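To keep things clear, I will list the structure first and then write my remarks on it.
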Amino acid sequence: ETGVTQSPTHLIKTRGQQVTLRCSSQSGHNTVSWYQQALGQGPQFIFQYYREEENGRGNFPPRFSGLQFPNYSSELNVNALELDDSALYLCASNEEDSEKLFFGSGTQLSVL
Amino acid sequence: QQQVKQSPQSLIVQKGGIPIINCAYENTAFDYFPWYQQFPGKGPALLIAIRPDVSEKKEGRFTISFNKSAKQFSLHIMDSQPGDSATYFCAASMDGTASKLTFGTGTRLQVTL
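Taken in sequence, the protein lines are chains A and B.
Under the numbering used here, read the first sequence as residues 5 to 116, first letter to last.
Under the numbering used here, read the second sequence as residues 153 to 265, first letter to last.
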């Protein structure tokens, strides 16, 4: 087990709706990153949070936003869902300056 | 723009064989090159990683070969086992970070008996 827990495991939403995905990291992991993995593709970096501040963003629009909390939990919010947002969303965490990145099992989001 | 190109897309080897997966990158600012293994229904798990100051790194049955001048790196799995059947991703990052990764498209490996 990686110690990174994501919820829910599966989610179905309708185009235009908003969604919040949650992640719980290991204690001491003050860096959390979110990735989007489309079917048959590699994960794509969405953004990273370090000590509750955004610390880098990939090529994703502002309707993708996040929060990180002091208790090592974090959220990914997606507004105005589009069909192409259907994917596996992965949360990953690591200790500061550690190369060991731990991924959760992901949330499978389907947008209809 | 795909910055890390991975091949082959899929690979079938017999037990005991040595599958080789290749990756090529474009951005010379990349300075960290990990390989991840992903089983169905699970997130990726770090296998082995290398930095460009060395040309080869071994951990157990996994070896990374790195060619800085060619901007290529590869994963070799020695004495492959059916339990190694999974999807393998190469990745790269820059600025010393191991967490803002650019992934390849993946290689689905099947190891047969």
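Beta carbons are placed, not taken as given, at the ideal position from N, Cα and C, and that holds for glycine.
Note that the coordinates shown come from a computational prediction; the quantities given were computed from them, not determined experimentally.
Less than 8 angstroms between the CB atoms is what I'm expecting for residue i and residue j, so what's the real figure, rounded?
| i | j | result |
| --- | --- | --- |
| G70 (chain A) | V8 (chain A) | Actually they do not touch by this definition, with Cβ atoms about 15 angstroms apart. |
| I202 (chain B) | K210 (chain B) | About 10 angstroms; that fails the 8 angstroms criterion. |
| Y76 (chain A) | S29 (chain A) | 4 angstroms |
Residues in the same chain with beta-carbon distance under 6 angstroms from residue i, minus the five sequence neighbours each way, listed in chain order, please.
| i | result |
| --- | --- |
| E99 (chain A) | G32, H33 |
| S207 (chain B) | F218 |
| L25 (chain A) | L80, Y93, T111 |
| A96 (chain A) | S37, L105, F107 |
| F182 (chain B) | A244, M246 |
| H14 (chain A) | Q112 |
| E155 (chain A) | An answer regarding residue 155 (chain A) cannot be provided, because it is not within the stretch 5 to 116 covered by chain A. |
| T215 (chain B) | H228 |
Beta carbon of residue i, beta carbon of residue j: below 7 angstroms?
| i | j | result |
| --- | --- | --- |
| I16 (chain A) | S78 (chain A) | no |
| I229 (chain B) | R213 (chain B) | yes |
| R61 (chain A) | F51 (chain A) | yes |
| Q40 (chain A) | A91 (chain A) | yes |
| S226 (chain B) | I172 (chain B) | yes |
| T18 (chain A) | L87 (chain A) | no |
| E178 (chain B) | Q155 (chain B) | yes |
Which term fits residue i, buried or exposed, when burial requires 16 or more other beta carbons within 10 angstroms of its beta carbon?
| i | result |
| --- | --- |
| D231 (chain B) | exposed |
| L265 (chain B) | exposed |
| I164 (chain B) | exposed |
| Q158 (chain B) | buried |
| G20 (chain A) | exposed |
| P117 (chain A) | Residue 117 (chain A) is absent from the structure shown; chain A starts at 5 and stops at 116. |
| G44 (chain A) | exposed |
| L261 (chain B) | buried |
| G256 (chain B) | buried |
| D101 (chain A) | exposed |
| D89 (chain A) | buried |
| T35 (chain A) | buried |
With a CB to CB cut of under 7 angstroms and the five nearest residues on each side skipped, what residues in its chain are close to residue i?
| i | result |
| --- | --- |
| V63 (chain A) | Checking the sequence shown, residue 63 (chain A) turns out to be Asn, not Val. Once the five neighbours on either side are set aside, N63 (chain A) has no close Cβ partner at all. |
| Q233 (chain B) | K167, V263 |
| G169 (chain B) | S232 |
| Q153 (chain B) | Because Q153 (chain B) carries a pLDDT of 48, less than 50, the predicted location of this residue cannot be relied on, and the following value inherits that uncertainty. None. |
| S221 (chain B) | none |
Within a Cβ cutoff of 8 angstroms, which residues of the same chain sit near residue i, ignoring the five residues on either side of it in sequence?
| i | result |
| --- | --- |
| Q190 (chain B) | P196, A197, A238, T239, Y240, F241, G258 |
| L253 (chain B) | P186, A243, A244, S245 |
| T180 (chain B) | K223 |
| E1 (chain A) | Past the edges of chain A, shown from 5 to 116, lies residue 1 (chain A), and the structure says nothing about it. |
| T249 (chain B) | Y184 |
List the residues that DSSP assigns as beta-bridge partners of residue i.
| i | result |
| --- | --- |
| G70 (chain A) | A:L80 |
| V23 (chain A) | A:V82 |
| M246 (chain B) | B:F182 |
| H14 (chain A) | A:Q112 |
| L261 (chain B) | B:L163, B:A238 |
| H228 (chain B) | B:I172, B:T215 |
| N59 (chain A) | DSSP lists no partner for N59 (chain A). |
| S37 (chain A) | A:Q52, A:A96 |
| L1 (chain A) | Outside the displayed span of chain A (5 to 116) sits residue 1 (chain A), for which this structure offers no information. |
| F255 (chain B) | B:A243 |
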